[in-house]
Amino acid sequence: MTFSIDEIKFDEKGLVPAVVQNQKSGKVLMLAYMNKESLQKTIETKTTWFYSRSRQELWNKGETSGNTQHVKKLSYDCDGDTLLVEVEPNGVACHTGAESCFFNEIELDGVEETSEVDQGIVDYLYRYIKNRKENPVEGSYTNYLFREGVDKILKKVGEETTEVIIGAKNRDKNELANEFSDLVYHSIVLMVEQGISVDDIKEVLTNRHKERNYEPKRAAKRDSNE
Numbered sequence: 001m002t003f004s005i006d007e008i009k010f011d012e013k014g015l016v017p018a019v020v021q022n023q024k025s026g027k028v029l030m031l032a033y034m035n036k037e038s039l040q041k042t043i044e045t046k047t048t049w050f051y052s053r054s055r056q057e058l059w060n061k062g063e064t065s066g067n068t069q070h071v072k073k074l075s076y077d078c079d080g081d082t083l084l085v086e087v088e089p090n091g092v093a094c095h096t097g098a099e100s101c102f103f104n105e106i107e108l109d110g111v112e113e114t115s116e117v118d119q120g121i122v123d124y125l126y127r128y129i130k131n132r133k134e135n136p137v138e139g140s141y142t143n144y145l146f147r148e149g150v151d152k153i154l155k156k157v158g159e160e161t162t163e164v165i166i167g168a169k170n171r172d173k174n175e176l177a178n179e180f181s182d183l184v185y186h187s188i189v190l191m192v193e194q195g196i197s198v199d200d201i202k203e204v205l206t207n208r209h210k211e212r213n214y215e216p217k218r219a220a221k222r223d224s225n226e
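The structure is reproduced here in structure tokens:
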């Protein structure tokens, strides 16, 4: 079906709300507004363009911060008065440095609170460590590792791997869980240092699963009598 911008119902100011969502995680990142021109530029450039109501001008997300958004899918609701922009983000969405602008939770009576940590500790830890790298904090152990560089980080990953082996040999579940946690933490530090994201790992594992090749490949050993 051929799309026409005239199908969108812009308000009296010529604007339409645009909900921006991370296509991979499904997380809502931000809400902004588009006019006809910014919507057209979004379609043409495959990056998000919005209209600033305060500055009364167009703006391209990430033009100054580098936190760009590559548009993967663009759709509108049944009434044609709201846009859904599914993106592949390159960095955070919020000017505060948060992944999403929607991080202020409202406590609901009788409803158990679910924090960002509870929703995905590995993703949260990755964002936390990445933020430490980009916004150093005095006295932070994470920043100490980044300052020392990759050799120090690799040494710690090696040490924690050894501790995991020892914990497993000891058959101590509590000890092993703690050592695995240390290994995961230091591995994520290495991932951030090397520019590898959690989504990169998820993509590899997902592709392996689709190919029914979930287990790591093992190099074939030659038979001793060959």
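First residue of the sequence shown: 1, per full-length UniProt numbering; consecutive thereafter. The beta-carbon is built from N, C-alpha and C at its ideal position, and this holds for glycine as well.
In this structure, what does DSSP give as the bridge partners for Ala18?
Ala32, Leu83
So Thr82 and Lys61 are supposed to be a Cβ contact under 8 Å. How far apart are they, rounded?
The pair is not a contact, with the Cβ atoms about 18 Å apart (cut-off 8 Å).
Taking its Cβ as the centre, do 16 or more other Cβ atoms sit within 10 Å of His95, making it buried, or is it exposed?
exposed
Is it the case that the Cβ atoms of Val198 and Leu183 are separated by a distance below 8 Å?
no
With a threshold of 8 Å, are at least 3 pairs of Cβ atoms found where one atom belongs to the stretch 3-16 and the other to the stretch 84-98?
no
For a quick check, are the C-beta atoms of Pro89 and Asn22 less than 8 Å apart?
yes
Do you know offhand how far Ser140's Cα is from Ser25's?
29 Å
Classify Ser75 as buried or exposed, calling it buried when 16 or more other Cβ atoms lie within 10 Å of its own Cβ.
Classification for Ser75: exposed.
Which same chain residues end up closer than 8 Å to Lys41 when comparing Cβ atoms and leaving out the 5 residues on each side of it in sequence?
Trp49, Leu58, Asn60
Three or more C-beta pairs under 8 Å: does that hold for the stretch 185-198 against the stretch 122-138?
yes
CB of Gln23 to nearest heavy atom of the ligand NAD: below 7 Å?
In the structure shown, the ligand NAD is absent, as is every other ligand, since no ligand is present at all.
May I ask you to report which of helix, strand or coil DSSP gives Lys73?
In the structure shown, Lys73 falls within a strand segment according to DSSP collapsed to helix, strand and coil.
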